[in-house]
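What follows is a short report on a single structure.
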Amino acid sequence: MDSLLNTTYMHPRDQITLVMQRIYKRVLTTTSGGNLSIIDDNGDIWITPTGVDKGLLKPSDIVCMRADGTVTGDHKPSSEFPFHLAIYKARPDIKAIVHAHPPALVAFSIVRKVPNTNVLPQLKSLCGTIGYAPYAIPGSDELGENIAEQFRQGVSAVIMENHGTVIGGKNISHAYQQFESMEMSARSILYGNMMGKPAYLTNKKLDEYASQSAVVFPEMGDTTYPSEEREKRHDILKIVRRACDQGLMLGAFGTISARWNEDDFIITPDGCSNWDLRPEDLVQIKNGEREKGKQPCRSAYLHQAIYEKHPDINAIILTQSPYLTSFAITGAEFNVRTIPETWIYLQDVQMVEFGEQFAGVDTIPSIISSETPVVIVKNECVIVAGSKLLQAFDYLEVAEFSAKSLVLSTTLGKMIPISDEQVEDLGKVMSKWKNYEWRM
Ligand SMILES: [Zn+2]
């Protein structure tokens, strides 16, 4: 596993290298495009070099532009340094910048549009409203001024006309999470346009969502850590990382939990990047109480309600993978009769209205089951259940692949589903297929 990002103790050059490796591996930049920087407490700016392979970047390649005007490093700094500097001057609260040309955000940039972040509540609270900077020559002071002007107005993410995107954060983890979330949500909007018409939440709905975040679990006294509980922590970390690597989960959103005893479970925490979780970050929930000093993800109440109702469900993944999210934002029908595997594993993917995921609403615990393990919540997420974590993860992959095929097929013609008769035949062989051993 790659090393974890720590924005408090890691040297800026190590942070930049690690995040650039992540961006390149997630295919969010080309070898030559994109640059990252961090401003440290001395006011020195650490930035990626120009003309160095982004896929093979090393900490020693990072250039330091000192506040006194001197430059340290083996290479020339990124030619886009002027706009990094302009942003830091305009906004002292911004300590790290990510700039790249990822395909979906560039698609918006070349038709001169900005993604509407009201598409997902998590995206809106992470990125706010996205700004738009008019075109100017790369590396020019004019481009720096066009971008800085947007940041001065309070935005932290900007679409650069006919160029790409630039995002500022309180640290590089925050900037990266915004960058990744914007690109993946932009993809969902593009795919949604192929399936139907994306719907956007009103500010009133977003406020309702925000007021839901206050569900609190009482804090338990002393916590014990039985072996099966520790085992689940490591299993969850493996699946979270795999989901991030595969583009099925974002650093900023998404929750994974696993039952370890009766109705007790381990769940990912609130406010940590999924890319950088450690075993000690996960939260134990026991007898309805949370582990001392920790906050579970906001959807923990939903996980609890599902475990209480379904003794055969032992793992839950809640996420925003881009193709399934395109169904969530358009409300387009997710027809599972694409290929035998999809029908056998998913049976029936139900969609519920935004708001039915709120605490105290019984809709999702009532319709999710081991037979129908996938539920889509409009403008919010997909929820996948399994008897084991690996099974839930596989169901998520099957659902995302199927969603992708459905989206892509719209450019070819009308989908012809498997017939009733073929489905009836599949029913006879289903148990053989479902006998897969879900061992990690
Ligand atoms: Zn650029």
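Going by our numbering, the first residue of the sequence shown is number 38, and it counts up by one from there.
Note that the Cβ used here is the ideal one computed from N, Cα and C, for glycine as well.
{"query": "Reference F290, options S264, D244, E217 and I350, closest by Cα", "result": "E217"}
{"query": "contact_flag[the stretch 223-234, the stretch 168-178] where n(CB pairs < 8 Å) is 3 or more", "result": "no"}
{"query": "Option in G397, G308, I134 and Q387 with minimal Cα separation from V412", "result": "Q387"}
{"query": "Supposed contact pair K91 and T66 - C-beta distance, whole angstroms, cut 8 Å", "result": "6 Å"}
{"query": "Those residues which DSSP pairs with P23 across a bridge", "result": "Here the chain has residues from 38 to 477 only, and residue 23 is not among them."}
{"query": "Contact set for E198: own chain, Cβ-Cβ below 8 Å, skip 5 residues either direction", "result": "S146, R149, Y169, A170, P171 and Y172"}
{"query": "beta-carbon E317 near ligand 1 non-hydrogen atom, thresh 7 Å", "result": "no"}
{"query": "P140 (DSSP reduced to helix, strand or coil)", "result": "helix"}
{"query": "Three-state secondary structure (DSSP) of D81", "result": "coil"}
{"query": "Assumed close pair A133, G191 - CB separation to whole angstroms, cut-off 8 Å", "result": "Rounded, the Cβ-Cβ distance is 17 Å, inconsistent with contact."}
{"query": "Runs of alpha helix (DSSP H) wholly within the stretch 160-211 (minimum 4 residues, chain order)", "result": "178-189"}
{"query": "Cβ shell of V389 (< 6 Å), same chain only, five flanking positions each side left out", "result": "T400 and V414"}
{"query": "Straight-line Cα distance separating N372 from Q394", "result": "22 Å"}
{"query": "Distance cut-off 7 Å: P175 Cβ against heavy atoms of ligand 1", "result": "yes"}
{"query": "G70 CB to nearest heavy atom of ligand 1 below 7 Å", "result": "yes"}
{"query": "H136 CB to nearest heavy atom of ligand 1 below 7 Å", "result": "yes"}
{"query": "Where A133 falls: helix, strand or coil (DSSP)", "result": "strand"}
{"query": "L73, enclosing beta strand (DSSP E) - first and last residue", "result": "N72 to I76"}
{"query": "Any non-hydrogen atom of ligand 1 closer than 7 Å to H48 Cβ", "result": "no"}
{"query": "The beta strand (DSSP E) enclosing L355, as first and last residue numbers", "result": "A352 to T356"}
{"query": "Closer than 7 Å: H347 CB and nearest ligand 1 heavy atom", "result": "no"}
{"query": "beta-carbon H121 near ligand 1 non-hydrogen atom, thresh 7 Å", "result": "no"}
{"query": "Where T379 falls, given that 16 or more other Cβ within 10 Å makes a residue buried", "result": "buried"}
{"query": "Secondary structure of Q215, DSSP reduced to three states", "result": "helix"}
{"query": "Local Cβ density within 10 Å of T85, reported as buried at 16 or more and exposed below that", "result": "buried"}
{"query": "E198 Cβ short of 7 Å to ligand 1 heavy atom set", "result": "no"}
{"query": "Three-pair Cβ contact test at 8 Å for the stretch 241-258 versus the stretch 281-300", "result": "no"}
{"query": "I413, DSSP secondary structure in three states", "result": "strand"}
{"query": "8 Å Cβ cutoff, E461 in contact with chain D", "result": "In the displayed structure, chain D is absent; only one protein chain is listed."}
{"query": "Exposure of M38, with buried meaning 16 or more beta-carbon neighbours within 10 Å", "result": "Because the pLDDT at M38 is just 48, under 50, the model does not fix this residue reliably, and the value given afterwards should be weighed accordingly. Exposed, since its Cβ has fewer than 16 Cβ neighbours within 10 Å."}
{"query": "E478 - partner residues in DSSP beta bridges", "result": "No answer is possible for residue 478: the residues shown for the chain start at 38 and end at 477."}
{"query": "Alpha-carbon to alpha-carbon, V56 and A369", "result": "35 Å"}
{"query": "Proximal residues to P49 (C-beta, below 6 Å), its chain only, five neighbours per side dropped", "result": "I75, D77 and W83"}
{"query": "G201 Cβ short of 7 Å to ligand 1 heavy atom set", "result": "yes"}
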